[in-house]
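**Q**
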Amino acid sequence: METKTMTELMNEKILAELELRPLRENMDGEVVGPHDADWDEARLAWNLAVDQRPAAVALPESAFDVVAVVAFAREHGLRVAPQGTGHNAGALGDLSGTILVKTLRMRGVEIYPRARTARAEAGVLWGEVVEAAAEHGLAALAGSSPDVGVVGYTLGGGLSWLARKHGIGANQVTAIEGITASGEFFRTDRDNEPDLFWALRGGGGSFAIVTAIEFNLFPIEEVYAGILWFPVERAAEILKVWRAWTDDLPDEMTSVGRILQLPPIPEIP
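So this is what it looks like as structure tokens:
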């Protein structure tokens with residue numbers, strides 16, 4: 006006999022009284038409920054350790070779709086929670102009675118070479134920005150992996166390999182667009198709604214659903230990188246030497262020491 010969690014039972018009760026058709030008709034994107042065939046795929050996060058069970062999943066394709074989701078949620082007394090890739094999915098907590106707004110279909114990227122800035126919608130990954138910016142000899146304060154989402158990473162602060170020279174990613178944001186809890190579109194920068202602009206840059210997704218950000222790029226055409234592996238038995242010795250070596254590094258260089266347990270695969274010595 007199949008057993009169900011309290012969250013699943015609560016969501017079933019909510020959805021039994023909830024008709025998703027009006028929301029589907031008001032969106033270009035998609036809405037997926039627990040009884041749909043692609044439910045398990047829709048609710049999946051990058052962090053597979055987190056079992057997300059929202060009341061429904063919305064897959065907007067534009068800011069207008071997000072407005073429709075927020076309006077629907079307000080009308081039916083539901084919460085909304087935005088998510089890009091789901092690298093930090095654990096922080097969302099209990100999603101019962103919540104529409105999970107997954108922005109992965111919002112993938113617009115624009116590079117402005119003269120201004121040395123970029124605009125990325127909420128579903129864009131860093132690999133896409135890095136590739137587009139490199140065509141103009143520019144670089145962003147990107148995450149350490151190409152499949153990390155631009156918006157989630159930046160709203161959380163954004164610590165890149167270039168941070169020692171150029172600071173954290175959140176401090177290089179020039180404008181933010183999104184939808185408020187009341188369902189209204191906004192665009193904020195240092196001169197327009199400065200308090201909201203301050204809060205969003207480092208405050209995560211707690212203040213609004215961000216649909217796009219604009220940020221500075223830097224004239225960097227080449228980056229040299231590498232990795233050195235040592236057996237864990239030498240960790241104390243190596244870390245002591247490494248720590249002393251980093252004292253005199255220039256700001257252009259970033260070095261990270263890690264102790265990792267890795268699987269036995271041929272690519273790792």
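When we follow this note's numbering, the leftmost residue of the sequence shown carries the number 6, and every step to the right adds one.
In this text, a Cβ means the ideal position worked out from N, Cα and C, and glycines have one as well.
How would you label residue 260, buried or exposed, when you count the other beta carbons within 10 angstroms and need 16 or more for buried?
**A** exposed
**Q** Which first and last residues belong to the alpha helix (DSSP H) in which residue 26 is found?
**A** Counted as a single uninterrupted DSSP element, the alpha helix (DSSP H) harbouring residue 26 occupies residues 26-30.
**Q** Please state whether DSSP places residue 117 in a helix, a strand or coil.
**A** strand
**Q** Over what stretch of residues does the alpha helix (DSSP H) that includes residue 225 continue unbroken?
**A** No alpha helix (DSSP H) holds residue 225; DSSP gives it neither H nor E.
**Q** Let me know the secondary structure DSSP gives residue 105 once reduced to three states.
**A** strand
**Q** For residue 53, does the count of other Cβ atoms within 10 angstroms reach 16, so buried, or fall short, so exposed?
**A** exposed
**Q** Determine the direct distance from the alpha carbon of residue 170 to that of residue 258, and round the result to whole angstroms.
**A** Near 8 Å, if we compare the C-alpha coordinates of residue 170 and residue 258.
**Q** Would you tell me roughly how many angstroms separate the C-alpha atoms of residue 89 and residue 103, rounded to the nearest one?
**A** Answer to the nearest angstrom: the Cα atoms are 16 Å apart.
**Q** In or out: residue 219 buried (at least 16 other Cβ within 10 Å) or exposed?
**A** buried
**Q** Here's the rule: buried if 16 or more other CB atoms are within 10 angstroms of the residue's CB, otherwise exposed. What is residue 149?
**A** It counts as exposed.
**Q** Tell me the rounded alpha-carbon separation between residue 41 and residue 268.
**A** 36 Å
**Q** Residue 73 and residue 111: beta carbons closer than 8 Å?
**A** no
**Q** Indicate whether residue 122 and residue 179 have their beta-carbon atoms separated by less than 8 Å.
**A** yes
**Q** Give me the Cα-Cα distance between residue 240 and residue 93, rounded to the nearest whole angstrom.
**A** 29 Å
**Q** By DSSP's criteria, residue 154 is part of a beta bridge. Which residues make up the other side?
**A** 130
**Q** Following the continuous beta strand (DSSP E) through residue 179, name the residue where it begins and the one where it ends.
**A** 178-184
**Q** Is it right to say residue 203 is buried, meaning 16 or more other beta carbons lie within 10 angstroms of its own, or is it exposed?
**A** exposed
**Q** For residue 201 and residue 144, which I take to be in contact (beta-carbon distance under 8 Å), what is that distance rounded to the nearest angstrom?
**A** No, residue 201 and residue 144 are not in contact; Cβ-Cβ is about 28 Å, not under 8 Å.
**Q** How many whole angstroms separate the CB atoms of residue 181 and residue 75, which I take to be in contact at a CB cut-off of 8 Å?
**A** The pair is not a contact, with the Cβ atoms about 17 Å apart (cut-off 8 Å).
**Q** Under 8 Å by Cβ, that's how I've got residue 86 and residue 100 pegged, so tell me the actual separation to the nearest angstrom.
**A** 6 Å
**Q** Under 6 Å Cβ to Cβ from residue 35, same chain only, skipping five residues before and after it: list those, please.
**A** So the qualifying residues of the chain are 64.
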